[in-house]
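K.L.:
Chains as they are written, first to last, in the numbering used here: chain A, 4 to 425; chain B, -16 to 350. Input: one structure, supplied below.
Encoded structure:
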């Protein structure tokens, strides 16, 4: 199977892998996030976006740089830094686009028509302040640091693209979506503030827990591990708030598809965030590091949690923006189940493969021997990947049809959807 | 508006404090000095192949997604442990995050360059079952440079000793330092060796033999025979190596992890004793018959009463022992067998009374 594609450098695994990571992080999640921010912030501020023209410019800039990423990364034009592979020009483009998005949103919020700042806005404001900075620090495009210092900054960035961008914007979206979808007020404003400050305080220093077993300073590892464990505080606060908001309304997930995506996302968030501090501790890290367990964990965060909440946001907001119901409710269901089951299979197979690898490393078994033992799990992982991709294709088809079908044709599905909901 | 201003200031201050402590502070405080162990890319003549350019190929092809470049304490057998100074010239760092393939920290010169090349072109031709993708699309020059780079990895981290304990036991690591700070036993002192002999006799002699020839009575039943410590090979063992072996046992054999049952102090005493084992004899064992002539360990006959401590250890000789192996000598206390004449040389070297039995018992010993 590794010889399925040969002699095509663009399809070699490492090139696909670096494009995969960047397409997910910079393409799918970041673009989706910015889109959701552009929808949610004016809604919460009860005014228009500060500059729709600027919004359009950033959208085109972002799409252009994704084309650039596609062309460069698949040919191996990389900086060789994980999560920061993009070349110098693209790095600068992302930074400029992020600053412009931040400017747009800050001005929108400053000109808002409601006095109160809802917690979602706190999250968006915070994220748009610190993520451009994290991005600029993390790229190291124009500096050549000594190896281990490079690694320290690299993991500061590598973990905070998750912690200070995907998590904070994602949680902000959960705060927006859950009360709207359930038609219920948020359980506690105080808890939401505690969760926000907890994340702001404890997330940023955790990066070094990725290299706890390398010769970097011990005090830095200690800071990283302690703050990783402290992260349980904001996570449990946030989830308590969500689950108490959901209280008595759990049945709604049966019929309400966006809510089902959102609730699944919260559940996966719980699992990820309990796993994270657990595997950041020295002795668990001793055993689990370098294995597919960590890959499973990363997918749990980016696919299980933040992709699901982003999908929920799209399913919620698209009909509101276009004024049309989705083309097919059946396709939404199919999307949900393919993604959910596919991801569950992926999580299980990667976790088991990771445990086999861990045992191999711990017992000193050579790689080429345990490598044979995990082959069945690579197989299951491929199947799960196909399921997820299929689900995303249905999603894309559904969105396409919703946007580009003449209104007359959408009447029937609309009626059908209403029927299903009732 | 004022309440929000406070919050906004809070966010900014918090963020900059964190940036300061985890980004700027390490840059200021952590400046490892370059040492003489980092990879030497100039080793291969640039006219033949350019290893520094090979590093760029390594980066370009994304090898670090599956191969790491740092050895951890527990990665035994992957060559010398890396130190902070090894990485000063390594930028962008290639530490890696996952090991879908083996660690490459000390890969240099392990395999012939032709092997590396064949492996890159068709991994499964030299490593059956490998899942590494083929890099056959690399040009001849790229391939040569990449192989040159691989051959330079760890080429200055030389293995200094023929046999050495893992770094956790050496003073070069924090764990090893802590171990040595806890150590109270002088392993060179004969008093320590004396203390260790008792522990050795009780725990080790049953397989290793009283003098470490590997001919204890249990050795006959073992598939993997205990080693012969009188061989010159074992004389190069450092204290740490002995301690490591004693503590962790030998995987794949019946040698247990004594760290589970003996204290650190006891294990250091054993080490002190092991170092005094005979050094001048080289016994070559050519057939199992030689080995199966086990040495005699004469255990005392114990009566049932002696098994039961509440009757008193000394009560055994007062009451006649009931049961099977009767004899006049039965009533002698272990250790009081001054009449016994040890028949083998090894018998004399034992110190405790419990193993220097009497002649009568020796007669029943099955020989």
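Glycine included, C-beta positions come from ideal geometry on N, C-alpha and C.
What does residue 239 of chain B touch in chain A if you count any residue whose Cβ is under 8 Å from its own?
P.N.:
The premise fails here: residue 239 of chain B is roughly 16 Å from chain A at the closest Cβ pair, so nothing lies under 8 Å.
K.L.:
Measure the beta-carbon distance from residue 21 of chain A to residue 67 of chain A and round it to whole angstroms, keeping in mind my assumption that it falls under 8 Å.
P.N.:
About 19 Å; that fails the 8 Å criterion.
K.L.:
Would you kindly work out how many angstroms separate the C-alpha atoms of residue 202 of chain B and residue 195 of chain B, rounded to a whole number?
P.N.:
11 Å
K.L.:
What is the residue span of the alpha helix (DSSP H) that residue 294 of chain A lies within?
P.N.:
That residue, residue 294 of chain A, is in no alpha helix (DSSP H); it is neither H nor E in DSSP.
K.L.:
Any idea if residue 335 of chain B is buried or exposed, counting beta-carbon neighbours within 10 angstroms, 16 or more meaning buried?
P.N.:
In this predicted model, residue 335 of chain B has a pLDDT of only 41, less than 50, meaning its place in the structure is not dependable; the value taken from the coordinates is given anyway. The residue in question, residue 335 of chain B, is exposed, as its Cβ has fewer than 16 Cβ neighbours within 10 Å.
K.L.:
Can you tell me where the alpha helix (DSSP H) holding residue 135 of chain A begins and where it ends?
P.N.:
122 to 142
K.L.:
Would a C-beta distance cut-off of 8 Å place residue 231 of chain A and residue 209 of chain A closer than the cut-off?
P.N.:
yes
K.L.:
Buried or exposed: which applies to residue 367 of chain A, given that a residue is buried once 16 or more other Cβ atoms fall within 10 Å of its Cβ?
P.N.:
exposed
K.L.:
Rounding to the nearest angstrom, what Cα-Cα distance links residue 5 of chain A and residue 384 of chain A in this structure?
P.N.:
Going by the C-alpha atoms only, they are around 14 Å apart.
K.L.:
For residue 204 of chain B, tell me which candidate among B/272, B/158 and B/-2 has the shortest Cα-Cα distance.
P.N.:
B/272
K.L.:
How many Å lie between residue 299 of chain B and residue 178 of chain B at the Cα?
P.N.:
Residue confidence for residue 299 of chain B is low, a pLDDT of 42 falling below 50, so the modelled location carries little weight; the figure read from the coordinates is stated next. Put simply, the backbone Cα of residue 299 of chain B is about 28 Å away from that of residue 178 of chain B.
K.L.:
For residue 121 of chain A and residue 61 of chain A, what's the separation of their Cα atoms in angstroms?
P.N.:
25 Å
K.L.:
Measuring alpha carbon to alpha carbon, tell me which residue in A/271, A/39, A/52 and A/315 is nearest residue 302 of chain A.
P.N.:
A/271
K.L.:
Can residue 151 of chain A and residue 67 of chain B be called in contact, C-beta distance under 8 Å?
P.N.:
Residue 67 of chain B sits close to residue 151 of chain A, with the two beta carbons spaced by under 8 Å.
K.L.:
Taking the alpha-carbon positions, what's the residue 71 of chain A to residue 41 of chain B distance?
P.N.:
22 Å
K.L.:
Could you run through the stretch 80 to 114 of chain B and flag, in chain order, every residue whose CB is less than 9 Å away from some CB of chain A?
P.N.:
80, 81, 82, 83, 84, 85, 86, 105, 106, 107, 110, 111, 112, 113 and 114
K.L.:
With 8 Å set as the bound, which would you pick, yes or no: does the beta-carbon of residue 299 of chain B sit closer than that to a beta-carbon of chain A?
P.N.:
Its pLDDT being 42, under 50, residue 299 of chain B is placed unreliably in this model, and the value from its coordinates should be taken loosely. No, residue 299 of chain B lies away from the interface with chain A (no Cβ there is under 8 Å from its Cβ).
K.L.:
Can you check DSSP and say which residues form a bridge with residue 81 of chain B?
P.N.:
A/293
K.L.:
Closer than 7 Å: is that where the CB of residue 215 of chain B sits relative to any heavy atom of the ligand ATP?
P.N.:
Judged by which ligands are present, the structure shown has none, so any question about the ligand ATP falls away.
K.L.:
So the alpha helix (DSSP H) residue 219 of chain A belongs to, where does it begin and stop?
P.N.:
Taken as a continuous stretch (DSSP letters only), residue 219 of chain A belongs to no alpha helix (DSSP H), as it is neither H nor E.
K.L.:
Report yes or no: is there a C-beta of chain B within less than 8 Å of the C-beta of residue 9 of chain A?
P.N.:
Output row for residue 9 of chain A: interface = yes.
K.L.:
Excluding the 5 residues preceding and the 5 following residue 105 of chain B in the sequence, name in chain order all residues of the same chain whose CB lies nearer than 8 Å to its CB.
P.N.:
Apart from sequence neighbours up to five positions away, the residues of its chain that approach residue 105 of chain B with a beta-carbon distance below 8 Å are 117 and 119, ordered along the chain.
K.L.:
Using 8 Å as the threshold, is the C-beta distance between residue 154 of chain A and residue 248 of chain A below it?
P.N.:
no
K.L.:
Does any residue of chain B bring its CB to less than 8 Å from the CB of residue 116 of chain A?
P.N.:
no
K.L.:
Taking a cut of 8 Å between CB atoms, which residues from the stretch 65 to 93 of chain A lie near chain B?
P.N.:
79, 80, 81, 82, 83, 84 and 85
K.L.:
Of the choices A/78, A/111 and A/266, whose alpha-carbon is the least far from that of residue 343 of chain A?
P.N.:
A/266
K.L.:
Short of 8 Å in beta carbon distance, which residues of its chain neighbour residue 182 of chain B, apart from the five on each side in sequence? Order them along the chain.
P.N.:
245, 249, 252, 253 and 256
K.L.:
At a cut of 8 Å, does the stretch 56 to 66 of chain B reach the stretch 160 to 174 of chain B through at least three beta carbon pairs?
P.N.:
no
K.L.:
Using a cut-off of 8 Å between C-beta atoms, extract the partners of residue 13 of chain B located in chain A.
P.N.:
The contacting residues are 151, 152, 155, 219, 220 and 223.
K.L.:
Would you please verify whether the beta carbon of residue 226 of chain B is less than 8 Å from any beta carbon of chain A?
P.N.:
It does not: the Cβ of residue 226 of chain B has no partner Cβ on chain A nearer than 8 Å.
K.L.:
Under a CB-based cut-off of 8 Å, is residue 123 of chain B close to chain A?
P.N.:
no
K.L.:
Please check the pair residue 275 of chain A and residue 300 of chain A, which I expect to be a contact at CB under 8 Å, by giving their CB distance rounded to whole angstroms.
P.N.:
7 Å
K.L.:
Let's test the definition: count the other Cβ atoms within 10 Å of the Cβ of residue 10 of chain B and tell me whether it reaches 16, buried, or not, exposed.
P.N.:
exposed
K.L.:
Let me make sure I understand the geometry here. Which of B/197, B/185 and B/208 has the alpha-carbon closest to that of residue 241 of chain B?
P.N.:
B/185
K.L.:
Return no unless some Cβ of chain A is closer than 8 Å to the Cβ of residue 132 of chain B.
P.N.:
no
K.L.:
Suppose the cutoff is 8 Å on Cβ atoms and the five residues either side in sequence are ignored; what does the same chain contact list for residue 139 of chain B look like?
P.N.:
19, 20, 21, 22 and 23
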